[in-house]
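Notes follow the structure.
Numbering (my numbering), first residue to last: 5 to 231.
See the structure below:
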């Protein structure tokens, strides 16, 4: 920094000999100090610009191209150090600060090109396209499994309905009977007989298994209508 004290002392001494007033001397001292400060500021600005240019050259010189791959009609370039390192660190900080888990989209706007989007993706993570593809694959797999289950359910329903009908046909419900002697009532179909003094023929009641089978068949039918 410029040393202004000695020149000011010399000016002050000479001015006293010439009869310059203190007010005039103060104005001269102030202008000298301001000029010195402006000179220092201008020098600092120039030094800052020099350092920035030197740092930019240094950063660019340390940017290294390490790999180039061409596959499936696209080209990949791998760089490290220098400007690439600064850019990578900047993106990584944005990724951390955002709290993203797999990917982060950063939007830009260029006055000629228009809107641009940079997608930052973890190597172990997935891009929006990959996540969408995975969701669609899971959806298709679930739909195929659902169709398979519907087919199995339809087959089970037909089988259960056939078994129920066969069991109903082969089970005598004692619908037709005749009297045998004074106290007996006898089934015309299966020959089962009941004595009047022992309560006679009981009212028919479907087996619990039949009711359960009918309930299942009803639920299957309702599910088909809602699907």
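Virtual Cβ for every residue (Gly too), placed ideally from N, Cα, C.
Expressed to the nearest angstrom, what Euclidean distance is found between the alpha-carbon atoms of residue i and residue j?
| i | j | result |
| --- | --- | --- |
| residue 5 | residue 116 | Bear in mind that a pLDDT of 48 at residue 5, under 50, signals an unreliable position, so the model cannot answer this. |
| residue 101 | residue 225 | 54 Å |
| residue 206 | residue 152 | 46 Å |
| residue 95 | residue 105 | 14 Å |
| residue 140 | residue 175 | 52 Å |
| residue 186 | residue 177 | 23 Å |
| residue 36 | residue 91 | 46 Å |
| residue 183 | residue 208 | 18 Å |
| residue 145 | residue 230 | 21 Å |
| residue 215 | residue 149 | 30 Å |
| residue 57 | residue 45 | 18 Å |
| residue 210 | residue 170 | 14 Å |
| residue 133 | residue 97 | 23 Å |
| residue 218 | residue 143 | 33 Å |
| residue 155 | residue 135 | 30 Å |
| residue 234 | residue 127 | What the structure shows of the chain is the stretch from 5 to 231, and residue 234 is not part of that stretch, so it cannot be assessed. |
| residue 173 | residue 147 | 39 Å |
| residue 51 | residue 38 | 20 Å |
Tell me the DSSP bridge mates of residue i?
| i | result |
| --- | --- |
| residue 199 | 188 |
| residue 183 | 189 |
| residue 112 | 120 |
Apart from the five residues on each side of it in sequence, which residues of its chain come closer than 7 Å, Cβ to Cβ, to residue i?
| i | result |
| --- | --- |
| residue 221 | 161, 164, 165 |
| residue 157 | 224 |
| residue 99 | 108, 124 |
| residue 213 | none |
What residue range is occupied by the uninterrupted alpha helix (DSSP H) comprising residue i?
| i | result |
| --- | --- |
| residue 142 | 132–174 |
Can you give me the Cβ contacts of residue i inside the same chain, cut-off strictly under 8 Å, excluding the 5 residues immediately before and after it?
| i | result |
| --- | --- |
| residue 188 | 197, 198, 199, 200 |
| residue 204 | 189, 198 |
| residue 120 | 111, 112, 113, 114 |
If I follow the unbroken beta strand (DSSP E) through residue i, where does it start and stop?
| i | result |
| --- | --- |
| residue 230 | Looking at the DSSP string, residue 230 is not in any beta strand (DSSP E); the run it does join, the alpha helix (DSSP H), is 212–230. |
| residue 178 | Residue 178 -> no beta strand (DSSP E), and no H or E assigned at all. |
| residue 119 | 118–125 |
Residues in the same chain with beta-carbon distance under 6 Å from residue i, minus the five sequence neighbours each way, listed in chain order, please.
| i | result |
| --- | --- |
| residue 110 | 122 |
| residue 180 | 192 |
Compare the C-beta of residue i against all C-beta atoms of chain B and say whether one is closer than 8 Å.
| i | result |
| --- | --- |
| residue 46 | The structure shown contains no chain B, having only a single protein chain. |
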